[in-house]
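**Student:** First the structure, which I've put down as structure tokens, then a few questions once you've had a look.
2 protein chains.
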Amino acid sequence: MHNEFQFIKIIKDRTKQTKDSGVVKGIGDDAAIIRPAKDHQLLVTTDLLIEEIDFKRDWITPQLLGHKSLAVSLSDIAAMGARPRWALISIGLPKEIWRSKFKEEFYEGYLNLANKYNVSLIGGDISSTPDHIVIDSFVIGESAKDRSILRSEAKPGDLIFITGSLGGSALGLQLLNQGIQLKRANSRRRTKHNAYQELLLRHLQPEPRLSWGQTLSQKRLATSMIDISDGLSSDLMHICEESNTGAYIEAAKIPIDPNLSALDHTNSNLQLALNGGEDYELLFTVSPKRAHLIPKEIEGIQATCVGEMTDETNRVYIKREKRRYRLRPEGFNHFKN
Amino acid sequence: MHNEFQFIKIIKDRTKQTKDSGVVKGIGDDAAIIRPAKDHQLLVTTDLLIEEIDFKRDWITPQLLGHKSLAVSLSDIAAMGARPRWALISIGLPKEIWRSKFKEEFYEGYLNLANKYNVSLIGGDISSTPDHIVIDSFVIGESAKDRSILRSEAKPGDLIFITGSLGGSALGLQLLNQGIQLKRANSRRRTKHNAYQELLLRHLQPEPRLSWGQTLSQKRLATSMIDISDGLSSDLMHICEESNTGAYIEAAKIPIDPNLSALDHTNSNLQLALNGGEDYELLFTVSPKRAHLIPKEIEGIQATCVGEMTDETNRVYIKREKRRYRLRPEGFNHFKN
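Next up, the structure:
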């Protein structure tokens, strides 16, 4: 069995830097050293994942957990319209997990995703824990000056867009709670079984919408942006609060995960899409004059216009069958009143 | 009781940025935005603190835990010779701790130390946990190009210096294990009781040696540097491994915490100083030609020459009463073989 110093050396050897990585000194000193590009801003984000709260050991493979730990932070960088460049990962493991293959497989999943987006792993920390797995993911991104897309610049009249589809992750989580397990799917046919597996993967293997985020930034198309991690109702409210605006969305326009319709969950589909969370799609606002410039799709992912920002500060409505309802933020909250 | 979003707003309001903070956008978006100074490198470090492994709830006040969470990362930045500038803190709390005053007091201790060194808190994450407190501290520092001090540039013949004194934190930890508790000390006299309290604080309230680190960098005095967190024997070995050198130290020269001598722990004093860890002093190496330029003290903290680097790669010796012993790294290791 490796001790932590030996294991850190193994990870270090797997993370050779390319010339343009901006890494002066990676893993192996008191701190990593990076060299940001001239006249760029840095974007910094961190996400804590706690066993039994954010995931269960039996539900997710170590590889997928490694993938997801990085993906959720990459999604934050995507939501700023920036390019992710460097990452650190802190991991706390009970001793019996340390002794297993868990850590090798976890880093395999983590590093595969990092390599896909040219993100350099430059550091982290390893600790033992009394009983539960603890992960803290940390990513630094870069964007040209004044090109970051904030939550706070939406204007009344701006149109609201959402990438991809919603609700799949939340139903995936429900299926996991019902005891349905992830299997290696060999068939590509859309059977009920395959729809289940796709929903599980929507929850366990989110894909950050980096190309969308960066395109919107480069073409200056979005006035505000956020990733849908807490849930559409909560995350749209975050935009409203930071921008001092209100909003309405049209129920019929919300892009519902196609696997939900396939499974006839119709009654709760809208609830899952509004409040489910963890879809890691992007919600962004666009001036109506520039809305025609929004690409139909990027890398196979479409964007859908679902509503409009208003001047009624912090009031969000949903229109459904000619009626208008107040939409309260019902997304995930660790410490509810 | 506040939910996490309400509490994050409270923390955000307490962290007003100054004009020269380099913070474009602090707490409250998907990621924080910072603007590094021109032609500077950034130093990045993270430290995981797990309840029952790194601390016990009954031993440390929430304020001191907040202080220590930041201090250990500032110590890493000090060991690079850099200036800490921005920080993020992730914290996972069991629900019953969330409902207590813990979080307010924790952030008070954390922010007091951050303000002392002009470090801006720009983000973090909050989660619930099943049972234990989990903290991940993250700090970004800045240093002029090529001024960071690595572990890897020590040369045979370089002299080895240590700031402050060693062993106090380890004895403080032993006292905590024996049930001795922290009290508000009103007396300044060095009684046995006060020595105990000072030792507890050496463990619970480490002070990062930032002035020492930055002075050594600015005057280009140190060839290599590390902070003594694992223990002198382990951390000196880290320098040897990264620099492809060996080293010897003289037992009689090691600066032992004065409270240890006061308590007549003589037999184990050297062991505590060599292997105890968590003193967060700096160990640095200096070319013999430049050793006369090392300040006698900075801000009341002295530096002591304890030995010399050699060309016997990865061999560390300790000289004691005219004998030479091999010194094995015996510092802290989460997952021993």
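Read top to bottom, the protein sequences are chains X and V. The first sequence begins at 1112 in the numbering used here and counts up by one. The second sequence begins at 1112 in the numbering used here and counts up by one. Beta carbons: idealized from backbone N, C-alpha and C, even for Gly.
(1) Round the Cβ separation of A1142/X and L1154/V to the nearest angstrom and send it over; I've been treating them as touching at under 8 Å.
(2) Find the residues of chain X that neighbour T1415/V, judging by a C-beta separation of less than 9 Å, and give them in chain order.
(3) What whole-angstrom Cβ distance do Q1152/V and I1144/X have, given they're in contact under 8 Å?
(4) Does L1154/V come within less than 8 Å of chain X when only Cβ atoms are used?
(5) Count the other C-beta atoms from every protein chain shown that fall within 10 angstroms of the C-beta of R1437/X, then say buried if there are 16 or more, exposed otherwise.
(6) Could you compute how far the alpha carbon of D1187/X sits from the alpha carbon of I1273/V?
(7) Contact criterion: CB-CB distance below 8 Å. Does I1188/X meet it with respect to chain V?
(8) Along chain V, which residues have their Cβ under 7 Å away from the Cβ of G1420/X?
(9) Per DSSP, what kind of secondary structure is S1398/X in: helix, strand or coil?
(10) Please state if the CB of I1260/X and the CB of L1394/X are separated by a distance shorter than 8 Å.
(11) Please go through the same chain and pick out, in chain order, the residues whose beta-carbon is closer than 8 Å to the beta-carbon of I1291/V, but skip the five residues on each side of it.
(12) Could you give the distance in angstroms between the alpha-carbon of K1123/V and the alpha-carbon of P1440/V?
(13) Relative to the C-alpha of S1239/X, which residue among E1352/X, I1208/X, D1257/X and G1268/X is closest?
(14) Give the straight-line distance between the Cα atoms of A1363/X and L1371/X, rounded to the nearest whole angstrom.
(15) Going straight from the alpha carbon of N1297/X to that of N1305/X, what length do you get?
(16) Ends of the beta strand (DSSP E) at R1258/X?
(17) Taking only beta-carbon atoms, is N1288/V less than 8 Å away from chain X?
(18) Does the beta carbon of T1240/X sit closer than 8 Å to a beta carbon anywhere in chain V?
(19) Would a check of beta-carbon distances place S1298/V closer than 8 Å to chain X?
(20) Do you know offhand how far L1293/X's Cα is from R1435/X's?
(21) I want to verify the contact list: residues of chain X whose CB lies under 9 Å from the CB of S1259/V, in sequence order.
(22) Pick out whichever of E1215/V, L1181/V and S1263/V has its Cα sitting closest to the Cα of Y1391/V.
(23) Quick check on L1467/X: buried or exposed, where buried means 16 or more other Cβ atoms within 10 Å of its Cβ?
(24) Taking the alpha helix (DSSP H) that F1118/V belongs to, which residues open and close that run?
(25) Using CA coordinates, which residue listed in P1369/V, L1381/V and N1355/V is at the minimum distance from R1426/V?
(26) Mind checking which residues open and close the alpha helix (DSSP H) that includes I1188/X?
(27) State the CB to CB distance for the pair L1176/X and F1217/X, rounded to an integer number of angstroms; the pair is presumed to be in contact (CB under 8 Å).
(28) According to a CB-to-CB cut-off of less than 9 Å, which residues of the region 1202 to 1213 of chain X neighbour chain V?
(29) Please determine if the region 1342 to 1350 of chain X and the region 1235 to 1254 of chain X are in contact, where contact requires at least 3 C-beta pairs separated by less than 8 Å.
(30) Rounding to the nearest angstrom, what Cα-Cα distance links G1133/X and I1200/X in this structure?
(31) Strictly under 8 Å for the Cβ-Cβ distance: is I1409/V near chain X by that measure?
(32) For T1326/X and A1333/X, I'd like the C-alpha separation in whole angstroms.
(33) Looking only at its chain, what residues have a beta carbon closer than 7 Å to the beta carbon of H1349/V, apart from the 5 residues adjacent to it on each side?
(34) Please list, in chain order, all residues of the same chain as S1184/V whose beta carbon is under 6 Å from its beta carbon, the five residues on each side excluded.
(35) How is K1214/X classed by DSSP in three states: helix, strand or coil?
**Tutor:** Let me spell this out:
(1) Numbered from 1 along the first sequence, position 31 holds the residue referred to as residue 1142/X. Numbered from 1 along the second sequence, position 43 holds the residue referred to as residue 1154/V. Right, their Cβ atoms sit about 4 Å apart.
(2) For the purposes of this step, residue 1415/V is taken as residue 304 along the second sequence, with counting starting at 1. Near T1415/V there are no residues of chain X at all, since even the closest Cβ is about 20 Å away, more than 9 Å.
(3) The residue labelled residue 1152/V in the question sits at position 41 within the second sequence. The residue labelled residue 1144/X in the question sits at position 33 within the first sequence. Sure, about 5 Å apart at Cβ, within 8 Å.
(4) Numbered from 1 along the second sequence, position 43 holds the residue referred to as residue 1154/V. Yes, L1154/V lies at the interface with chain X (some Cβ there is under 8 Å from its Cβ).
(5) The residue you call residue 1437/X lines up with position 326 of the first sequence. Flag for R1437/X reads exposed.
(6) Within the first sequence, residue 1187/X is the residue found at index 76, counting from 1. Within the second sequence, residue 1273/V is the residue found at index 162, counting from 1. Cα to Cα, D1187/X sits roughly 41 Å from I1273/V.
(7) The residue given as residue 1188/X occupies position 77 in the first sequence. Yes, I1188/X counts as interfacial toward chain V.
(8) Within the first sequence, numbered from 1, the residue matching residue 1420/X stands at position 309. The sequence shown places Met at residue 1420/X, rather than the Gly named in the question. The premise fails here: M1420/X is roughly 17 Å from chain V at the closest Cβ pair, so nothing lies under 7 Å.
(9) Translated into positions along the first sequence, residue 1398/X becomes position 287. Coil at S1398/X, not helix or strand.
(10) Locating residue 1394/X in the first sequence gives position 283, where the first residue counts as 1. Locating residue 1260/X in the first sequence gives position 149, where the first residue counts as 1. No.
(11) Position 180 of the second sequence, counted from the first residue, corresponds to residue 1291/V. So the qualifying residues of the chain are Y1307 and L1311.
(12) Along the second sequence, read from residue 1 onward, the residue named residue 1123/V stands at position 12. Along the second sequence, read from residue 1 onward, the residue named residue 1440/V stands at position 329. Approximately 43 Å, taken between the alpha carbons.
(13) As a working note, residue 1239/X is residue 128 in the first sequence. Nearest C-alpha to S1239/X among E1352/X, I1208/X, D1257/X and G1268/X: I1208/X.
(14) Stepping through the first sequence from its first residue, residue 1363/X is reached at position 252. Stepping through the first sequence from its first residue, residue 1371/X is reached at position 260. Each residue's alpha carbon lies about 15 Å from the other.
(15) Along the first sequence, one-based indexing puts residue 1297/X at 186. Along the first sequence, one-based indexing puts residue 1305/X at 194. Note that N1297/X scores a pLDDT of 49, beneath 50, so its modelled location is shaky; the value from the coordinates is reported in the next line. Computed Cα separation, rounded: 9 Å.
(16) On the first sequence, position 147 is the one that residue 1258/X refers to. Element bounds for R1258/X: n/a, residue is neither H nor E.
(17) Counted from its first residue, the second sequence places residue 1288/V at position 177. At a cut-off of 8 Å between beta carbons, N1288/V makes no contact with chain X.
(18) Here residue 1240/X is taken as the residue at index 129 of the first sequence, counted from 1. Cβ-Cβ to chain V under 8 Å: yes for T1240/X.
(19) On the second sequence, residue 1298/V is found 187 positions in, with the first residue counted as 1. Interpretation of S1298/V is limited by its pLDDT of 47, a score under 50 that renders its predicted location unreliable; no figure is taken from the coordinates.
(20) Counting from one through the first sequence, the residue named residue 1293/X turns up at place 182. Counting from one through the first sequence, the residue named residue 1435/X turns up at place 324. So the alpha carbons of these two residues sit roughly 39 Å apart.
(21) The sequence position of residue 1259/V within the second sequence is 148, counting from 1. Those are V1135, K1136, D1140, A1142 and I1144, listed as they occur along chain X.
(22) On the second sequence, position 280 is the one that residue 1391/V refers to. Looking at the Cα atoms, L1181/V is the closest of the given residues.
(23) Past the boundaries of the shown model lies residue 1467/X; chain X is included only from 1112 to 1448, so the question cannot be answered.
(24) Translated into the one-based positions of the second sequence, residue 1118/V becomes position 7. Here the alpha helix (DSSP H) through F1118/V covers E1115 to R1125.
(25) Within the second sequence, the letter at position 315 stands for residue 1426/V. Checked all of P1369/V, L1381/V and N1355/V; the closest Cα to R1426/V is N1355/V.
(26) Working through the first sequence from its first residue, we reach residue 1188/X at position 77. Element bounds for I1188/X: P1173 to A1189.
(27) Along the first sequence, read from residue 1 onward, the residue named residue 1176/X stands at position 65. Along the first sequence, read from residue 1 onward, the residue named residue 1217/X stands at position 106. Contact between L1176/X and F1217/X holds, with the beta-carbon distance rounding to 6 Å and staying under 8 Å.
(28) I1202, G1203, L1204, K1206, W1209 and R1210
(29) no
(30) Taking the first residue of the first sequence as position 1, residue 1133/X is located at position 22. Taking the first residue of the first sequence as position 1, residue 1200/X is located at position 89. Those two C-alpha atoms are separated by around 18 Å.
(31) Start at 1 with the first residue of the second sequence, and residue 1409/V comes out as number 298. No, its Cβ sits nowhere closer than 8 Å to a Cβ of chain X.
(32) Here residue 1326/X corresponds to residue number 215 of the first sequence, with the count starting at 1. Here residue 1333/X corresponds to residue number 222 of the first sequence, with the count starting at 1. Those two C-alpha atoms are separated by around 10 Å.
(33) Locating residue 1349/V in the second sequence gives position 238, counting from the first residue. R1262 and I1337.
(34) Here residue 1184/V is taken as the residue at index 73 of the second sequence, counted from 1. These residues qualify, in order along the chain: T1156, D1158, S1248 and V1250.
(35) Reading the first sequence from its first residue, position 103 is the one you call residue 1214/X. Here K1214/X sits in helix by DSSP.
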